[in-house]
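Undergrad: The UniProt record's numbering numbers the first residue of the sequence shown as 1 and each following residue consecutively.
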Amino acid sequence: MDNLVTEVLRLGFGKCALQVQVPEAGSFKTVDDLAGKRVVSSFKNLSEKYFGEVDSRLQLTGENRTKIEYVGGSVEAAFDLVESGDTMRAAGLHAIATVLDTEAVLIRSNSPKRPGVGPLIDVITSRIAGVIAAGKYVVCQYNISRDKLAAATLITPGRKAPTISPLEEENWVGVSSMIEKSKSATIMDELVKAGAEDILIFSLNNCRV
Numbered sequence: 001m002d003n004l005v006t007e008v009l010r011l012g013f014g015k016c017a018l019q020v021q022v023p024e025a026g027s028f029k030t031v032d033d034l035a036g037k038r039v040v041s042s043f044k045n046l047s048e049k050y051f052g053e054v055d056s057r058l059q060l061t062g063e064n065r066t067k068i069e070y071v072g073g074s075v076e077a078a079f080d081l082v083e084s085g086d087t088m089r090a091a092g093l094h095a096i097a098t099v100l101d102t103e104a105v106l107i108r109s110n111s112p113k114r115p116g117v118g119p120l121i122d123v124i125t126s127r128i129a130g131v132i133a134a135g136k137y138v139v140c141q142y143n144i145s146r147d148k149l150a151a152a153t154l155i156t157p158g159r160k161a162p163t164i165s166p167l168e169e170e171n172w173v174g175v176s177s178m179i180e181k182s183k184s185a186t187i188m189d190e191l192v193k194a195g196a197e198d199i200l201i202f203s204l205n206n207c208r209v
C-alpha cells in the first residue's frame, strides 16, 4: 500500500487505538500471558500477524498457538479499536497493550489516473490544511509598553514572528500573534503578569499558513 499512495496531511479526527483488552478482574497482565489462548477480533490480518509474532517468540507451534476468533464466544481477550475507552470499561475490560494508534489522514495517489491533476490536488490540500489550522489557532492581540515588549513576545512568538505596531500613546505598541487555541487561556494569564493590557482573542474562519 505504501508504494501506491503518499500520506499528505493528518486530519486531526478519527483518533483511535488498536488495543489488546482483557477482563479487569482476570489474571492476564501481559500479552505473553495470552499466548495459546483465544482472542476475538474483526481485524483478521492484524491480529494474526501480531499474535503470530508473539507465538513465534515464545516458540509455540500447532495447537498451542494463539487462536483468533472472528465472532463472540468463549474467549480470553479482545483485539479491537478503542476511542474514548468508555465502552471497554463498561464491559469490564482494560487494555494491556496498544498495537497501533490510528487517525484519519489525507492521502494522494502516486500514479493518478487523470494526468495534470497535481495542481488541483495541491489546491485542495492547501484548503483543507487551512481549515485545520484555523481550528487549531486563534489570533491574540494586546497592547504593551516597549520596555515590557521583549518578555511579552517570548510568550507570543507567533508562527514566524509577531506583528508589532506603534500606538499613539508614546512608548506603547500593539502586538498581534497567532497562538494555539488550547493554550489561549494560559497565555492570556501570562500576558497579564507581563504587563499587557487590552488582551483580545479572535477566532479564525480560515487561513493559509
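For each residue, glycine too, the CB sits at the ideal point set by N, CA and C.
Can you tell which of Asp101, Gly130 and Ile201 has the C-alpha that lies nearest to the C-alpha of Arg208?
TA: If you number the sequence shown from 1, residue 208 lands on position 208. Ranking Asp101, Gly130 and Ile201 by Cα distance to Arg208 puts Gly130 first.
Undergrad: If you reduce the DSSP assignment to three classes, tell me which class Ala129 lands in.
TA: Position 129 of the sequence shown, counted from the start, is the residue given in the question as residue 129. Helix, per DSSP.
Undergrad: Please state the DSSP three-state secondary structure of Asn64.
TA: Numbered from its first residue, the sequence shown carries residue 64 at position 64. In this structure, Asn64 counts as helix in the three-state DSSP scheme.
Undergrad: Quick one, are the C-beta atoms of Leu100 and Leu9 less than 7 Å apart?
TA: Working through the sequence shown from its first residue, we reach residue 100 at position 100. Working through the sequence shown from its first residue, we reach residue 9 at position 9. No.
Undergrad: Thinking C-alpha only, which one of Gly12, Tyr137 and Asp147 is nearest Phe202?
TA: Indexing the sequence shown from 1 puts residue 202 at position 202. Cα-wise, what sits closest to Phe202 is Tyr137.
Undergrad: To test your reading of the DSSP string, which unbroken beta strand (DSSP E) runs of 3 or more residues are found completely within the stretch 92-173?
TA: Whole beta strand (DSSP E) segments, 3+ residues: 93-102, 105-109, 137-145 and 163-166.
Undergrad: Relative to the C-alpha of Leu60, which candidate in Ile199, Ala35 and Glu24 has its C-alpha closest?
TA: Position 60 of the sequence shown, counted from the start, is the residue given in the question as residue 60. Per the Cα distances, Ala35.
Undergrad: In terms of alpha-carbon separation, which member of Ile155, Lys44 and Ile128 lies closest to Ala194?
TA: Residue mapping note: residue 194 aligns to position 194 of the sequence shown, counting from 1. Of the listed residues, the one whose Cα sits closest to Ala194 is Ile155.
Undergrad: What would DSSP say about Leu46, mapped onto helix, strand or coil?
TA: If you number the sequence shown from 1, residue 46 lands on position 46. If DSSP states are grouped into helix, strand and coil, Leu46 belongs with the helices.
Undergrad: Among residues of its own chain, excluding the 5 on either side of Lys15, which ones have a beta-carbon nearer than 6 Å to its beta-carbon?
TA: Counting from 1 along the sequence shown, the entry for residue 15 is found at position 15. Cβ neighbours of Lys15 beyond the five flanking positions: Glu103.
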